[in-house]
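Please read the structure below before turning to the comments.
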Amino acid sequence: MKAAFPMTTDTLPAQFAAQQFASDNYSGVCPEAWAAMAEANSGHAAAYGEDVWTAKAADAFRQLFGTPCDVFFAFNGTAANSLALASLCQSYHSVICSASAHVETDECGAPEFFSNGSKLLVAQTADGKLTPDAIRALATGRSDIHFPKPRAVTITQPTETGQVYSLDEIRAISAVCRDLGLRLHMDGARFANACASLGCSPAEMTWKSGVDVLCFGGTKNGMAVGEAILFFDRALAEDFDYRCKQAGQLASKMRFLSAPWVRMLENGAWLRNAAHANAGAQRLVAGLAGVPGVAPLFPVQANAVFLTAPAAVLEGLRARGWRFYTFIGGGARFMFAWDTQPERVDQLVADIRDVAHAAAA
Numbered sequence: 000m001k002a003a004f005p006m007t008t009d010t011l012p013a014q015f016a017a018q019q020f021a022s023d024n025y026s027g028v029c030p031e032a033w034a035a036m037a038e039a040n041s042g043h044a045a046a047y048g049e050d051v052w053t054a055k056a057a058d059a060f061r062q063l064f065g066t067p068c069d070v071f072f073a074f075n076g077t078a079a080n081s082l083a084l085a086s087l088c089q090s091y092h093s094v095i096c097s098a099s100a101h102v103e104t105d106e107c108g109a110p111e112f113f114s115n116g117s118k119l120l121v122a123q124t125a126d127g128k129l130t131p132d133a134i135r136a137l138a139t140g141r142s143d144i145h146f147p148k149p150r151a152v153t154i155t156q157p158t159e160t161g162q163v164y165s166l167d168e169i170r171a172i173s174a175v176c177r178d179l180g181l182r183l184h185m186d187g188a189r190f191a192n193a194c195a196s197l198g199c200s201p202a203e204m205t206w207k208s209g210v211d212v213l214c215f216g217g218t219k220n221g222m223a224v225g226e227a228i229l230f231f232d233r234a235l236a237e238d239f240d241y242r243c244k245q246a247g248q249l250a251s252k253m254r255f256l257s258a259p260w261v262r263m264l265e266n267g268a269w270l271r272n273a274a275h276a277n278a279g280a281q282r283l284v285a286g287l288a289g290v291p292g293v294a295p296l297f298p299v300q301a302n303a304v305f306l307t308a309p310a311a312v313l314e315g316l317r318a319r320g321w322r323f324y325t326f327i328g329g330g331a332r333f334m335f336a337w338d339t340q341p342e343r344v345d346q347l348v349a350d351i352r353d354v355a356h357a358a359a360a
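Using numbering that gives the first Met the number 0, the first residue of the sequence shown is number 0, and each one after it goes up by one.
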C-alpha cells in the first residue's frame with residue numbers, strides 16, 4: 000500500500016514508533032532469520048544459488064514437506080506467484096481464481112505480464128473462497144477457440160479476508176481440478192499462519208491434498224525478504240531457473256535469501272512466529288466482545304481481523320494515531336505479526352472501546 004505521507008525523518012509521525020497493525024509487513028526481522036543472515040555473511044560463497052546455504056534450505060524444505068520437491072527462491076510474493084503461474088500456462092491459457100485473490104487484486108497485472116498474456120478468470124464468491132462449483136462453472140462455461148483455455152486454479156491460503164481453507168476444502172478443489180485437467184497453485188504468502196491455524200502438517204495442506212505448486216511466504220513470517228516456490232510435481236519445474244533469471248529473480252548473493260529459511264525451518268521458528276501472530280488476532284477479537292457497533296466482518300482464522308464499525312469509530316481511532324486500511328468490504332483491517340506485543344493489542348482494544356462507547360453515547 001502506498002504511504003499516505005512522504006517517508007522522511009522530518010515528517011514521520013511520532014506515534015509511528017509505536018507498534019502498528021496496519022500490515023504484517025511493518026514488522027522487523029525475527030532473531031532466527033537475522034542470525035542466519037549474519038552467519039551467511041562470514042567470508043565468501045559461490046554466487047547465483049551455488050552456495051551451501053541454498054542447498055541446505057532446499058533440503059530443509061524437502062524434509063519439512065516429506066517429499067523430493069524442487070525448490071526455488073524469489074525476492075517477493077508477486078514474483079513468486081506470477082512466475083509459478085506462468086510456468087503452468089501458455090499465453091492462450093487462463094487461470095481461475097477468486098475475485099478477491101491476491102493475484103487478481105494486488106499484483107498489478109504481474110501474472111498476465113509474466114505469462115505473456117494468460118488471463119485471470121475470476122469467480123464471485125460470498126466469502127472470498129473458491130469452491131468446486133465455481134471452478135467447474137468457469138472451466139466449462141466456454142470451450143470454443145475464441146476463449147482462453149482454462150489451465151490452472153490458484154487459491155490464496157489464508158484468503159485476503161483472513162479465512163483458511165480446510166483440508167477438506169482443498170481436497171475438494173483438487174478433485175475438481177484433476178477431473179477437469181487443471182493444475183492447482185497455492186498462494187501461501189501467509190502459509191505458516193494457515194498451518195498454525197489448522198494444526199496440520201505442511202504436507203497435509205499441500206501435495207497430500209493435491210496441490211501442484213506452493214509459494215511459501217517468508218517476508219510476512221519474520222524474514223527481511225524472500226519467498227520459496229515449491230514444485231511438488233517436479234515436471235512442472237522444467238526451466239523454471241531460466242524463468243527466474245529472465246524475470247530478475249535470480250539473486251547473485253542468493254545465500255542471503257536462502258540462509259534465513261535454514262534456521263527458520265530447522266528450529267520451528269516459522270510455525271512459532273505464525274502461531275504468535277494468530278494469537279494476536281484472537282486477542283483483539285476477544286477483547287472487543289460486546290463493544291457496541293463493532294464486530295468482525297469475517298471469521299478470524301489466521302492473523303487478520305477485519306472490523307466493521309461506524310465511521311465515527313474509525314475516525315476516532317485514526318485521531319488517536321492508529322493506522323489501518325479499509326480496502327476490503329469497508330472494514331478496518333488489522334494484521335498481526337511474529338513480534339506482536341500483547342500490551343499493544345490491549346491498547347488498541349482499549350482505544351476501540353473508548354471511541355465506540357463515545358460514538359454510541
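Backbone N, C-alpha and C define an ideal beta-carbon position, used for all residues, glycine too.
In three-state terms, what does DSSP make of residue i?
{"i": "Cys194", "result": "helix"}
{"i": "Glu226", "result": "strand"}
{"i": "Val28", "result": "coil"}
{"i": "Ser93", "result": "strand"}
{"i": "Met185", "result": "strand"}
{"i": "Thr307", "result": "strand"}
{"i": "Phe239", "result": "helix"}
{"i": "Ala253", "result": "First, the residue type needs correcting, since residue 253 is Met and not Ala in the sequence shown. Three-state DSSP puts Met253 in coil, outside helix and strand."}
{"i": "Cys214", "result": "strand"}
{"i": "Ser208", "result": "helix"}
{"i": "Val163", "result": "coil"}
{"i": "Asn220", "result": "helix"}
{"i": "Gln248", "result": "coil"}
{"i": "Cys199", "result": "coil"}
{"i": "Ala171", "result": "helix"}
{"i": "Cys176", "result": "helix"}
{"i": "Asp23", "result": "helix"}
{"i": "Ser364", "result": "Past the edges of the chain, shown from 0 to 360, lies residue 364, and the structure says nothing about it."}
{"i": "Ala16", "result": "helix"}
{"i": "Ala100", "result": "coil"}
Could you check the C-alpha separation between residue i and residue j for me, to the nearest Å?
{"i": "Met6", "j": "Asp232", "result": "With a pLDDT of only 44 at Met6, under the threshold of 50, the placement of this residue in the model should not be trusted; the figure read from the coordinates follows. Their Cα atoms are separated by approximately 43 Å."}
{"i": "Asp345", "j": "Arg352", "result": "10 Å"}
{"i": "Gly127", "j": "Ala285", "result": "24 Å"}
{"i": "Ala195", "j": "Leu313", "result": "30 Å"}
{"i": "Asp105", "j": "Asn115", "result": "18 Å"}
{"i": "Trp206", "j": "Thr77", "result": "22 Å"}
{"i": "Gly292", "j": "Thr307", "result": "8 Å"}
{"i": "Arg182", "j": "Phe112", "result": "19 Å"}
{"i": "Asp338", "j": "Asp23", "result": "9 Å"}
{"i": "Asn302", "j": "Asp240", "result": "32 Å"}
{"i": "Tyr91", "j": "Ala268", "result": "41 Å"}
{"i": "Thr66", "j": "Ala171", "result": "22 Å"}
{"i": "Pro309", "j": "Arg322", "result": "16 Å"}
{"i": "Gly216", "j": "Ser142", "result": "35 Å"}
{"i": "Ala32", "j": "Asp178", "result": "41 Å"}
{"i": "Leu63", "j": "His101", "result": "26 Å"}
{"i": "Cys199", "j": "Asn277", "result": "15 Å"}
{"i": "Asp132", "j": "His184", "result": "18 Å"}
{"i": "Ala359", "j": "Gly289", "result": "13 Å"}
Taking the alpha carbon of residue i as the reference point, which residue from the options has its own alpha carbon closest?
{"i": "Thr218", "options": "Gly286, Glu168, Ala336 and Ser251", "result": "Ala336"}
{"i": "Arg332", "options": "Gly315, Ser200 and Phe305", "result": "Phe305"}
{"i": "Met334", "options": "Gly65, Ala268 and Gln162", "result": "Gln162"}
{"i": "Thr160", "options": "Ala288, Thr325, Leu137 and Met185", "result": "Thr325"}
{"i": "Lys252", "options": "Leu264, Gln123, Ala16 and Gly42", "result": "Gly42"}
{"i": "Ile134", "options": "Asp238, Arg150, Ala44 and Met204", "result": "Arg150"}
{"i": "Ala223", "options": "Val28, Gln18, Ala21 and Gln19", "result": "Val28"}
{"i": "Met36", "options": "Pro295, Trp260 and Gln300", "result": "Trp260"}
{"i": "Ala236", "options": "Asn220, Ala246, Lys244 and Val212", "result": "Val212"}
Since I believe residue j is in contact with residue i (beta carbons under 8 Å), could you give me their beta-carbon distance rounded to a whole number of angstroms?
{"i": "Ala39", "j": "Ala258", "result": "4 Å"}
{"i": "Gln156", "j": "Gly187", "result": "5 Å"}
{"i": "Cys96", "j": "Thr153", "result": "5 Å"}
{"i": "Phe60", "j": "Ala234", "result": "That belief does not hold up - the Cβ atoms of Phe60 and Ala234 are roughly 18 Å apart, past 8 Å."}
Beta-carbon of residue i versus every beta-carbon of chain E: anything under 8 Å?
{"i": "Ala59", "result": "Of the protein chains in the structure, only one exists, and it is not chain E."}
*Output the residue ranges of the beta strand (DSSP E) runs that lie fully inside the segment 102–160 and measure 3 residues or longer, sorted by chain position.*
118–122 and 148–155
*Runs of beta strand (DSSP E) wholly within the segment 26–83 (minimum 3 residues, chain order)*: 69–73
_Give the list of continuous alpha helix (DSSP H) stretches no shorter than 4 residues that lie fully inside the segment 273–353._
310–318
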